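Student: Chains as they are written, first to last, in our numbering: chain A, 1 to 381; chain B, 1001 to 1085.
By construction, the Cβ of each residue, glycine as well, lies at the ideal position given by its N, Cα and C atoms.
Quick caveat, the model's predicted, so the values are computed rather than measured.
The structure is given below, and queries will be raised subsequently.
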Amino acid sequence: MLISADIACRQLPKEGEELCGDAVEIVRDRQGVTVILSDGLGSGVKASILATLTVKVAAGLLRRRVDLHTVLESVADTLPVCQTRGLAYSTLSILRLEETGQASLVEIGNPGLLLFRGGRPVPVERRTSCIMGKEVAEAKFAVEPGDCLLLVSDGVIHAGVEALFDLGLGPEGLIEHLPDPCQPARTAIELARIIIELAEACSCGAPRDDATAVAVKIRAPSRVTVCTGPPVRPADDRRLIQRLLADVASQKVVCGGTTGQIVARETGHELTVEPEYADPAIPPTAEIEGVALATEGILTLNRCLTILSRPEPEITGADGASRLARILLEADEVTFLVGLAQNPAHRDLETLAHLLPRDKSVDRLQSILEEMGKRVMVEFF
Amino acid sequence: MEKKLVVEVCAGTTCHLMGASDLLLALKRLEPGLRERVRISFCACLGECSHGPNLRVSGNLYHRVDPELLPLLLTRLLDELGDEL
């Protein structure tokens, strides 16, 4: 069974520091996702540099499928040596999740990953070895939808030392105080926040170390089918709609007024256009039973492209383009069904208003979404 | 209850770019006596993209509608259609 992962990270810097000395890197690709956590020696800027270098170097090398031994060597060679301690050191945890559900884990100096299944912690069997004088724990295991994995830095495990606890919160304390992490309604963001708030509370609001929590929730991949544009031959209308409806589990989006009318006609449902503008620059959305979102075509696709082209898209709007962008961002697999019929009235408008035609917009969207690690398929009609 | 004139604004791409939002604004700003006699909604593309912005009023199409002339058009239609509404 294929899986997907929702991942969230929250951090808390040591009291008096602006920067957190832990770093996290999440790298998504078409086969899965890699999460890298590092805790730099000390705190503040120095620790932040060490940890950031560690995760960036490791991520870059792992992306090029470099073996672990070389990764560790390169990290050790790259890190600057601390003048005070004469050491170049940061911890490292690398969690790799394949879309097939296979997980591999490497831990050097970080608290052990916690795996929860059915609301309970499940032991992860590790094999230890020594690479470049460091003890390395490795594990291979399978994950399934509903599982939750937690990676934390020692700031969480030791939270409360010299405050509420003599020996800190500890992994047992963390498990005991955590609400069921496998509950479907409990998001990764919420879990990471709960852990960091717990660490902060244990240290009575004065954390003595940087703390980081990464929560990973495993779920079945979510799919979206976007149908846009009428087919070149009207005789293919039915085939297009059959293709749109074929995948029952996929969320359905329709982009285009005429396309919406074809969907409504072929499914026998009514198309109702919303009576208000959420944003006057974007035509209103419509409702068709069984369709998650029905929008206008060209303008909406172009605006959606602009939104998703931003380095870290923050989507707040309720207009069709923002809603489409949000659906695409949350999807793991996207199928575009593109009708190539030309509306002659659009040709001049596209030139005048500097708009990309439908097929070009979809082409750009495909590149952007693939860069985000999503699987994208495009079919033409 | 008095029947209303059904006014639908085309929400297609071309009509939007040709000023459908201005038509909607003009409809919402009709003087109260006229406003209460019309029901406003959007409709999917009317397929008359070369002649936008388009309106459909009680089933009839109107092309290249000028928002400033909209009150005049609706008053005339209400007079003409009075009994047929």
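1. Can you tell me whether DSSP reads A:Pro-121 as helix, strand or coil?
2. Note down, in chain order, every chain B residue with its Cβ under 8 Å from the Cβ of A:Leu-349.
3. If you follow the beta strand (DSSP E) that A:Val-226 is part of, which residue opens it and which one closes it?
4. Any beta carbon of chain A sitting closer than 8 Å to that of B:Ala-1026?
5. Would you decide whether A:His-69 is buried or exposed? Buried here means 16 or more other CB atoms lie within 10 Å of its CB.
6. Whole-angstrom Cβ separation of A:Phe-116 and A:Pro-179, contact assumed at under 8 Å?
7. Which residues mark the beginning and the end of the beta strand (DSSP E) in which A:Pro-136 is found?
8. Residues of chain A with CB under 9 Å from B:Ser-1058, in chain order?
9. Look at A:Leu-369 and A:Val-338 and say whether their C-beta atoms are less than 8 Å apart.
10. When the Cα atoms are used, what is the spatial distance from A:Ala-278 to B:Ala-1011?
11. DSSP on A:Asp-348, reduced to helix/strand/coil?
12. Report the residue from B:Cys-1043, B:Arg-1037, B:Pro-1053 and B:Lys-1003 whose alpha carbon sits nearest the alpha carbon of B:Leu-1017.
13. With DSSP as the reference, please indicate the residues paired to A:Arg-126 in a beta bridge.
14. Could you round the C-beta distance between A:Leu-12 and A:Gly-155 to whole angstroms and report it? I think they count as a contact, below 8 Å.
15. In chain B, what lies closer than 8 Å to A:Val-273 by C-beta?
16. Strictly by DSSP, which residues pair up with B:Tyr-1062?
17. By the 9 Å beta-carbon criterion, what residues does the stretch 233 to 264 of chain A contribute toward chain B?
18. Only counting the same chain, and skipping five residues up and downstream in sequence, which positions put a Cβ closer than 7 Å to that of A:Asn-302?
19. Going along the chain, which residues of the stretch 294 to 305 of chain A sit with their C-beta nearer than 7 Å to a C-beta in chain B?
20. Exposed or buried, what is B:Lys-1028 when buried is set at 16 or more other beta-carbons lying within 10 Å of its beta-carbon?
21. Are the CB atoms of A:Val-216 and A:Leu-149 nearer to each other than 8 Å?
22. In terms of residues, what are the limits of the alpha helix (DSSP H) holding A:Gly-257?
23. To the nearest angstrom, how far is it from the Cα of B:Leu-1024 to the Cα of B:Asp-1066?
24. Helix, strand or coil: how does DSSP classify A:Asp-29 here?
25. Whole-angstrom Cβ separation of A:Leu-2 and A:Pro-221, contact assumed at under 8 Å?
26. Can you give me the Cβ contacts of A:Ala-103 inside the same chain, cut-off strictly under 6 Å, excluding the 5 residues immediately before and after it?
27. For A:Val-136 and A:Glu-176, I'd like the C-alpha separation in whole angstroms.
28. Of all the CB atoms in chain B, is at least one closer than 8 Å to the CB of A:Ala-345?
29. Which residues, in order along the stretch 279 to 293 of chain A, keep a beta-carbon less than 7 Å from a beta-carbon of chain B?
30. Could you check where the beta strand (DSSP E) with A:Ala-286 kicks off and where it finishes?
31. Spatial neighbours of A:Ile-262 within its chain, please: CB distance less than 8 Å, with the 5 preceding and 5 following residues excluded, ordered by chain position.
32. Going by the DSSP bridge assignment, what does A:Gln-102 pair with across the sheet?
33. By Cβ distance below 8 Å, which residues in the same chain neighbour A:Gly-119 in space, the five residues on each side in sequence not counted?
34. Note the first and the last residue of the continuous alpha helix (DSSP H) segment covering A:Arg-10.
35. Thinking C-beta only, is A:Ala-213 closer than 8 Å to A:Arg-358?
36. According to DSSP, is A:Lys-217 part of a helix, a strand, or is it coil?
Tutor: On the basis of the coordinates in this document:
1. Indexing the first sequence from 1 puts residue 121 of chain A at position 121. DSSP places A:Pro-121 in strand when its eight states are reduced to three.
2. Residue mapping note: residue 349 of chain A aligns to position 349 of the first sequence, counting from 1. Those are Thr-1013, Thr-1014 and Leu-1017, listed as they occur along chain B.
3. The residue given as residue 226 of chain A occupies position 226 in the first sequence. Note, A:Val-226: beta strand (DSSP E), 223 to 228.
4. Here the question's residue 1026 of chain B lines up with position 26 in the second sequence. Chain A contact via Cβ: absent.
5. Here residue 69 of chain A refers to the residue found at position 69 of the first sequence. So A:His-69 counts as exposed.
6. Locating residue 116 of chain A in the first sequence gives position 116, where the first residue counts as 1. Locating residue 179 of chain A in the first sequence gives position 179, where the first residue counts as 1. A:Phe-116 to A:Pro-179, Cβ: 11 Å. No contact.
7. Locating residue 136 of chain A in the first sequence gives position 136, where the first residue counts as 1. Note on residue identity: the sequence assigns Val, not Pro, to residue 136 of chain A. Residues 134 to 142.
8. Within the second sequence, numbered from 1, the residue matching residue 1058 of chain B stands at position 58. Within chain A, no residue comes near B:Ser-1058; the closest Cβ sits about 17 Å away, beyond 9 Å.
9. Walking along the first sequence from the start, residue 369 of chain A turns up at place 369. Walking along the first sequence from the start, residue 338 of chain A turns up at place 338. No, these two residues do not count as a Cβ contact at 8 Å.
10. Sequence index remark: in the first sequence, residue 278 of chain A carries index 278 (1-based). Sequence index remark: in the second sequence, residue 1011 of chain B carries index 11 (1-based). When rounded, the distance between both Cα atoms is 13 Å.
11. By 1-based counting over the first sequence, the position of residue 348 of chain A is 348. In this structure, A:Asp-348 counts as helix in the three-state DSSP scheme.
12. The count along the second sequence starts at 1 and reaches residue 1017 of chain B at position 17. The residue with the shortest Cα to Cα distance from B:Leu-1017 is B:Pro-1053.
13. The residue labelled residue 126 of chain A in the question sits at position 126 within the first sequence. BP columns for A:Arg-126 are empty, so no partner.
14. The residue labelled residue 12 of chain A in the question sits at position 12 within the first sequence. The residue labelled residue 155 of chain A in the question sits at position 155 within the first sequence. Right, their Cβ atoms sit about 7 Å apart.
15. Your numbering for residue 273 of chain A matches position 273 in the first sequence. Those within 8 Å of A:Val-273 in chain B are Ala-1011, Ser-1041, Phe-1042, Cys-1043 and Ala-1044.
16. Reading the second sequence from its first residue, position 62 is the one you call residue 1062 of chain B. Paired residue(s): B:Leu-1055.
17. Gly-256, Gly-257, Thr-258, Gly-260, Gln-261 and Ala-264
18. In the first sequence, the residue the question calls residue 302 of chain A occupies position 302. The residues are Leu-355, Leu-356 and Ser-361.
19. Glu-296, Gly-297, Ile-298 and Leu-299
20. Working through the second sequence from its first residue, we reach residue 1028 of chain B at position 28. Result: exposed.
21. Position 216 of the first sequence holds residue 216 of chain A. Position 149 of the first sequence holds residue 149 of chain A. Result yes, Cβ atoms of A:Val-216 and A:Leu-149 sit closer than 8 Å.
22. Walking along the first sequence from the start, residue 257 of chain A turns up at place 257. That run of the alpha helix (DSSP H) goes 257 to 267.
23. Sequence index remark: in the second sequence, residue 1024 of chain B carries index 24 (1-based). Sequence index remark: in the second sequence, residue 1066 of chain B carries index 66 (1-based). Each residue's alpha carbon lies about 11 Å from the other.
24. Mapped onto the first sequence, residue 29 of chain A falls at position 29. If DSSP states are grouped into helix, strand and coil, A:Asp-29 belongs with the strands.
25. The residue labelled residue 2 of chain A in the question sits at position 2 within the first sequence. The residue labelled residue 221 of chain A in the question sits at position 221 within the first sequence. Yes, A:Leu-2 and A:Pro-221 are in contact; Cβ-Cβ is about 5 Å, under 8 Å.
26. Along the first sequence, one-based indexing puts residue 103 of chain A at 103. The answer, listed in chain order, is Leu-97, Phe-141 and Val-143.
27. Counted from its first residue, the first sequence places residue 136 of chain A at position 136. Counted from its first residue, the first sequence places residue 176 of chain A at position 176. Going from the Cα of A:Val-136 to the Cα of A:Glu-176 covers about 27 Å.
28. The residue you call residue 345 of chain A lines up with position 345 of the first sequence. Taking Cβ atoms only, chain B reaches closer than 8 Å to A:Ala-345, which makes this a yes.
29. Pro-280, Pro-283, Pro-284 and Ala-286
30. Here the question's residue 286 of chain A lines up with position 286 in the first sequence. 286 to 288 is the extent of the beta strand (DSSP E) around A:Ala-286.
31. Taking the first sequence and counting its residues from 1, one reaches residue 262 of chain A at position 262. Pro-230, Asp-237, Leu-240 and Ile-241.
32. In the first sequence, residue 102 of chain A corresponds to position 102, counting from 1. Bridge partners of A:Gln-102: A:Ala-142.
33. In the first sequence, the residue the question calls residue 119 of chain A occupies position 119. Excluding residues within five positions, the ones whose Cβ falls inside 8 Å are Asp-180, Pro-181, Cys-182 and Gln-183.
34. Along the first sequence, read from residue 1 onward, the residue named residue 10 of chain A stands at position 10. Premise fails: A:Arg-10 lies in the beta strand (DSSP E), 4 to 12, not in any alpha helix (DSSP H).
35. Locating residue 358 of chain A in the first sequence gives position 358, counting from the first residue. Locating residue 213 of chain A in the first sequence gives position 213, counting from the first residue. Contact: no.
36. Position 217 of the first sequence, counted from the start, is the residue given in the question as residue 217 of chain A. Strand, per DSSP.
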